[in-house]
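Residue numbers (my numbering): 82 to 511.
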């Protein structure tokens, strides 16, 4: 049979002593725990650059002398002073942080930075490599080591490390591309060395180049994708199309606009919806289609299914006492080849057109906003459908033309009344 459980009876005095000791021990433990938590909190909430950082750091270390974060704050403040004595002090403090928490990769990175600042590159490299050993799947340590190598002039080693950061992190990917872009004097081929041949990487490269106006590099990387890959996120080609368009890289922008579905029929040297058979939406929804601006109530621009030259409809422009000296309410942008010769033909009709400053069609170099050629003003009164023709050579700097309706300037208050119809525009390369 098992032994019976023995009970020990304590007298009241002994029990009181034990209880008091327990309470005192708990209070002591609580006091140190609260001190530690308070010191850690102060260190976490304090930036090394704020004016009272040194005083807060001393208080945090006093409250929690064994807390690595408190020691880090003190060391980071020393490092910010940039004097030789302060940097040496920072190194010693960071070494103490490592002793308190040797398995935290963050402190090894900080120690590596301090060693570099103290002109101890070998020790800095070892510390940064140790950070990678402790966190082999993290991107940040590799980023730090790559930048260290770059500052040391060890280019190949630098980009070998930096390339590892591009594989998992889109944030670091763009930063690496930016580093390479600046380091290699905006050489796109050098940037591409640090990208793997994956769809995600090609999209990132295309976006990176488009933002910087490197239109040829952007389009080349984009065209390495399959149609299915291009269609995965329709926002991206739209952003790239707009970015290149704004930078006046019209030849490349037209391809992105087509892939984005903004202008699915757009092409180099070709007008879109030339016969007005398709719906004309708001100006913000197209780059290379007809942009019709209807903000002024004294001009009305609409499709007309009753009066047309061919097909089912034309474009009717109705003037109702329009007086502004500028008239750019009907516009289309077309990507063209520099120095190429073109012929533009279209059909126009007027009814009761009256003005001292009649409208006319103008072709403008979209790269510098200068006129290339303009047609004669439309005749006042009423005229049946008439074919019009303009021939021109795109200037050397011209990648796009703006085909727009404007007017003869005849003063600040010079009204236009009547109706103008357009139909069947054709742009032909000669």
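Glycine is no exception: its CB is placed at the ideal position from the N, C-alpha and C atoms.
Residue i in three-state terms, based on DSSP
i           : result
residue 185 : coil
residue 264 : helix
residue 410 : coil
residue 258 : helix
residue 492 : coil
residue 459 : coil
residue 168 : helix
residue 337 : helix
residue 228 : helix
residue 376 : coil
residue 178 : helix
residue 219 : coil
residue 387 : coil
residue 123 : With a pLDDT of only 49 at residue 123, under the threshold of 50, the placement of this residue in the model should not be trusted; the figure read from the coordinates follows. Three-state result, residue 123: helix.
residue 497 : strand
residue 404 : coil
residue 475 : coil
residue 508 : strand
residue 481 : strand
residue 210 : helix
residue 329 : coil
residue 348 : strand
residue 487 : strand
residue 368 : coil
residue 108 : Residue placement at residue 108 cannot be trusted, given a pLDDT of 41 that sits under 50; what the coordinates show is reported in the next sentence. If DSSP states are grouped into helix, strand and coil, residue 108 belongs with the helices.
Supposed close pair residue i, residue j - CB separation, criterion 8 Å
i           : j           : result
residue 210 : residue 226 : 7 Å
residue 415 : residue 456 : Incorrect: roughly 16 Å between the Cβ atoms, too far for contact.
residue 285 : residue 251 : 7 Å
residue 434 : residue 461 : 5 Å
Under 9 Å between C-beta atoms of residue i and residue j
i           : j           : result
residue 464 : residue 431 : yes
residue 348 : residue 334 : no
residue 396 : residue 412 : no
residue 499 : residue 357 : no
residue 171 : residue 208 : no
residue 406 : residue 446 : no
residue 246 : residue 235 : no
residue 472 : residue 510 : no
residue 43  : residue 380 : A question about residue 43 goes unanswered here, because the residues of the chain that appear run from 82 up to 511.
residue 448 : residue 339 : no
residue 301 : residue 408 : no
residue 243 : residue 215 : no
residue 343 : residue 325 : no
residue 458 : residue 439 : yes
residue 466 : residue 385 : no
residue 229 : residue 205 : yes
residue 190 : residue 221 : yes
residue 350 : residue 444 : no
residue 233 : residue 183 : no
Residue from the options with nearest C-alpha to residue i
i           : options            : result
residue 268 : 282, 175, 296      : 296
residue 281 : 317, 214, 270, 213 : 317
residue 289 : 223, 241, 258, 497 : 258
residue 441 : 454, 448, 433, 450 : 454
residue 345 : 370, 331, 273      : 370
residue 424 : 261, 353, 469, 217 : 469
residue 437 : 495, 462, 402      : 495
residue 402 : 389, 378, 355, 393 : 378
residue 492 : 444, 503, 404, 459 : 404
residue 187 : 484, 466, 294, 212 : 212
residue 283 : 427, 266, 307      : 307
residue 196 : 393, 486, 168      : 168
residue 294 : 277, 262, 309      : 262
residue 275 : 237, 292, 311      : 237
residue 327 : 173, 359, 292      : 292
residue 305 : 372, 287, 313, 315 : 287
Neighbour flag for residue i against chain B, beta carbons, 9 Å
i           : result
residue 250 : Here chain B cannot be found, since the structure has a single protein chain.
Q. Along the chain, which unbroken stretches of the beta strand (DSSP E) at least 3 residues long are found entirely within the stretch 412-471?
A. 422-435, 440-446, 451-455
Q: Any chance you could list the alpha helix (DSSP H) runs of at least 4 consecutive residues sitting entirely within the stretch 238-326, in chain order?
A: 251-264, 269-273, 280-292, 296-303, 308-311
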